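*Asks:* Questions regarding the structure given below will be posed in turn.
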Amino acid sequence: MPALGEALKRRKFIPKTKGIDELIQEQQQINHGPVVNAKLPVRIIGGDGNGESHIIRSFNDVKINAELRNTLNSINYFEPTDVQKCVIPLIQNTTNDILCLAATGSGKSGSFLIPIINRLQKDKLSSGFCHSDTLNNSSPVAIIVAHTKELVEQLYKFAKTLAYGTQVGVAYARGQMPFEEGRRQLANGCDILVITPGRLQHYLNDGWIFVDGTQFVVIDEADNATLTEVADFVINDFLKKDCYKVIVGKPNQAVSHVHQRVLKVDDKYGYAAKFEMARIILRKISTCEKPKNGEHFCYNTQRTLIFLNDARSCDRLAIKLSDLGYRAMSTSSHREMEQRYRAVSDFKEGKWHILIGTDIIARGMNFPKVKNIIIYELPPIHRYQEYVHRVGRTGRIGTEDGCAYIFFDPRSRNDEMQAEFLIEQLENSQQQVPEFLRELQKSISDARSRYTNECSSTNQNSIEEQLEDKAELESEIITDKFANVPWPR
-18 MPALGEALKR
-8 RKFIPKTKGI
2 DELIQEQQQI
12 NHGPVVNAKL
22 PVRIIGGDGN
32 GESHIIRSFN
42 DVKINAELRN
52 TLNSINYFEP
62 TDVQKCVIPL
72 IQNTTNDILC
82 LAATGSGKSG
92 SFLIPIINRL
102 QKDKLSSGFC
112 HSDTLNNSSP
122 VAIIVAHTKE
132 LVEQLYKFAK
142 TLAYGTQVGV
152 AYARGQMPFE
162 EGRRQLANGC
172 DILVITPGRL
182 QHYLNDGWIF
192 VDGTQFVVID
202 EADNATLTEV
212 ADFVINDFLK
222 KDCYKVIVGK
232 PNQAVSHVHQ
242 RVLKVDDKYG
252 YAAKFEMARI
262 ILRKISTCEK
272 PKNGEHFCYN
282 TQRTLIFLND
292 ARSCDRLAIK
302 LSDLGYRAMS
312 TSSHREMEQR
322 YRAVSDFKEG
332 KWHILIGTDI
342 IARGMNFPKV
352 KNIIIYELPP
362 IHRYQEYVHR
372 VGRTGRIGTE
382 DGCAYIFFDP
392 RSRNDEMQAE
402 FLIEQLENSQ
412 QQVPEFLREL
422 QKSISDARSR
432 YTNECSSTNQ
442 NSIEEQLEDK
452 AELESEIITD
462 KFANVPWPR
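Residue numbering for the sequence shown follows our numbering, beginning at -18 and increasing consecutively.
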């Protein structure tokens, strides 16, 4: 236990290395749903002005090498998603920078990994590279920056899967990874390096990697608060003026095929109302499981994610649900990396049916078979757009049977300030808006109008008073002026 004021030292952790069969099986669980190819509005701005002419219809429209194509087929990537149809040909056929905005769960990771791996493999084959040649262990050709350790792990596994059978080396690095493991990763080949911002800075400062030959830099989830400064620096200082801006769907909009239900809860008596509401929902999506010999009673629940705003609340809720017989686990940035990894991994494998966490699991993370999202607490108002990413953990890649339950406390100032945003989200998704939200919006609108009118009236009165004062002053000046003039006799 650290002394008072002493920083807590995090333990290093290396997860068990998975073989290619396990990685492929893991990717196969991410099924492409029936609305994966629903036509979304697509815009490609900038570049040569003809960006939309690059859009492809299928993988046959771009020359993908045989090894990569076989891997895509093995993980059920038979047709590109909307964002992949736009981005893959741009990366493969142009040298322009790209700024991409697309819906959650639309296949953005594949949109940059597929063409990058294809390009690197093509370059290696054209240069006569063979497995006996010296591996690239210090000069990554592609650097992919992700904001959380969990997302780095996920992107690394996906890239490793796609690169199977090619000569492209994939490495990764993140916090709480032993430096010996980092060196081993680089030594095994680092044509593609997936890394967190802090570890990237360390590798560059200490000369572990060199970027003279780097051709691709990808910043994933660049609008995340953790990466805002990095992204702004890159966009403002390095993104070329002739970059392509790819917009697929409506930016900052929850996917329309996920059913969003905003539920009114009165938190007048603490968390009791929210907890009871959560119990009602969980009972509806659970079946009773008869205990085996020596086991406690437990529920068999549809795969569910529950979002809260702080780590301790996550832990408390997980304990309470576990006591009731639910297979629930919590995760947050306060946990050791090993605990976080096990929680996510066990949830994906079905050991836990309910995963309770903060926003570290809200962006970019793929959770197969997640049917339900419970937003126990709305995000803080300064991070209100995290709502979109929380909802986006279900309905991934076109799966249409996801449902998001949003707890709304009208007594909470934080929730009240997000009422109009929620109405906008529901209306844009063509979903029903609860009457209490409409009433709250009207009361807010009326209050705003009264305040505006009062300010306008105050300003008008102030202007009139100023004009009156000015007139009085001018009158006094004129009176004084003529008072000193002698009258004619």
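Using N, Cα and C, we set each Cβ at its ideal position, and we do this for glycine too. Model, not experiment: these values are computed from the prediction.
Closest to Val239 by CA distance: which of Tyr386, Leu4 and Lys44 is it?
*Replies:* Tyr386
*Asks:* Using a threshold of 8 Å, state whether the C-beta atoms of Lys231 and Asn409 are closer than that.
*Replies:* yes
*Asks:* Taking DSSP as the reference, what is the three-state secondary structure of His471?
*Replies:* Any property of residue 471 remains undetermined from this structure, which presents the chain solely from -18 to 470.
*Asks:* Please look up how many angstroms separate the CB atoms of Tyr145 and Val175, rounded, as I've assumed it's under 8 Å.
*Replies:* Tyr145 to Val175, Cβ: 16 Å. No contact.
*Asks:* Following the continuous beta strand (DSSP E) through Leu80, name the residue where it begins and the one where it ends.
*Replies:* Secondary structure note for Leu80: its beta strand (DSSP E) is the uninterrupted segment Ile79 to Ala83.
*Asks:* List, from N- to C-terminal side, the beta strand (DSSP E) runs of 3 residues or more that fit wholly inside the stretch 159 to 227.
*Replies:* 173 to 176 and 197 to 200
*Asks:* On the three-pair Cβ rule with 8 Å, is the stretch 220 to 231 touching the stretch 365 to 375?
*Replies:* no
*Asks:* Which class does Leu282 belong to by DSSP, given the choice of helix, strand or coil?
*Replies:* The identity of residue 282 in the sequence shown is Thr, whereas the question assumes Leu. Of the three classes helix, strand and coil, the one that applies to Thr282 here is strand, per DSSP.
*Asks:* Just tell me which of Leu298, Gly30 and Phe278 has its CA closest to the CA of Ala259.
*Replies:* Leu298
*Asks:* First and last residue of the alpha helix (DSSP H) that includes Phe93?
*Replies:* Lys89 to Ser107
*Asks:* Determine the direct distance from the alpha carbon of Ile354 to that of Arg264, and round the result to whole angstroms.
*Replies:* 14 Å
*Asks:* With Leu336 as the anchor, note down where its beta strand (DSSP E) starts and where it stops.
*Replies:* Here the beta strand (DSSP E) through Leu336 covers Ile335 to Gly338.
*Asks:* Judging by CA-CA distance, which residue of Pro(-4), Lys130 and Gln73 is the nearest neighbour of Arg344?
*Replies:* Lys130
*Asks:* Going straight from the alpha carbon of Gly27 to that of Glu33, what length do you get?
*Replies:* Roughly 10 Å between the two C-alpha positions.
*Asks:* Kindly indicate the opening and closing residues of the beta strand (DSSP E) around Arg24.
*Replies:* Judged by DSSP secondary structure, Arg24 falls within the beta strand (DSSP E) whose first and last residues are Val23 to Gly27.
*Asks:* Taking Tyr471 as part of the beta strand (DSSP E), name the residues at either end of that continuous run.
*Replies:* Only positions -18 to 470 of the chain appear in this structure, which leaves residue 471 out of reach.
*Asks:* For a quick check, are the C-beta atoms of Leu302 and Ile335 less than 8 Å apart?
*Replies:* Contact: yes.
*Asks:* Taking only the alpha-carbon atoms, compute the straight-line gap between Phe40 and Val192 and give it to the nearest angstrom.
*Replies:* 31 Å
*Asks:* Counting along the chain, where does the beta strand (DSSP E) carrying Thr268 start and finish?
*Replies:* Ser267 to Glu270
*Asks:* With a threshold of 16 other CB atoms inside 10 Å of the CB of Ala127, please say whether the residue is buried or exposed.
*Replies:* Its Cβ being crowded by 16 or more others within 10 Å, Ala127 is buried.
*Asks:* Roughly how many angstroms separate the alpha carbons of Arg394 and Glu202, rounded to a whole number?
*Replies:* Counting only the Cα atoms, Glu202 lies some 28 Å from Arg394.
*Asks:* Check this for me: beta carbons of Ile36 and Pro70, under 8 Å apart or not?
*Replies:* yes
*Asks:* Is the distance from the Cβ of Ala324 to the Cβ of Met310 below 8 Å?
*Replies:* yes
*Asks:* Does the structure place the stretch 115 to 125 close enough to the stretch 180 to 198 that three or more beta carbon pairs sit under 8 Å?
*Replies:* These segments touch.
*Asks:* Looking at Val149 and Ile95, is the spacing between their C-beta atoms short of 8 Å?
*Replies:* no
*Asks:* Note down, one range per segment and in chain order, each beta strand (DSSP E) of at least 3 residues found wholly within the stretch 131 to 157.
*Replies:* 151 to 154
*Asks:* For Arg65, which option in Ser313, Phe219, Ser314 and Val23 has the closest C-alpha, if you only look at C-alpha atoms?
*Replies:* Inspection of the sequence shows that residue 65 is occupied by Gln rather than by Arg. Of the candidates Ser313, Phe219, Ser314 and Val23, the one whose C-alpha sits nearest the C-alpha of Gln65 is Val23.
*Asks:* Quick one: what does DSSP say Gln234 is sitting in, helix, strand or coil?
*Replies:* Three-state result, Gln234: coil.
*Asks:* Please tell me whether Asp390 and Lys352 are closer than 8 Å, where the distance is taken between their beta carbons.
*Replies:* With contacts defined by Cβ atoms closer than 8 Å, Asp390 and Lys352 do not form a contacting pair.
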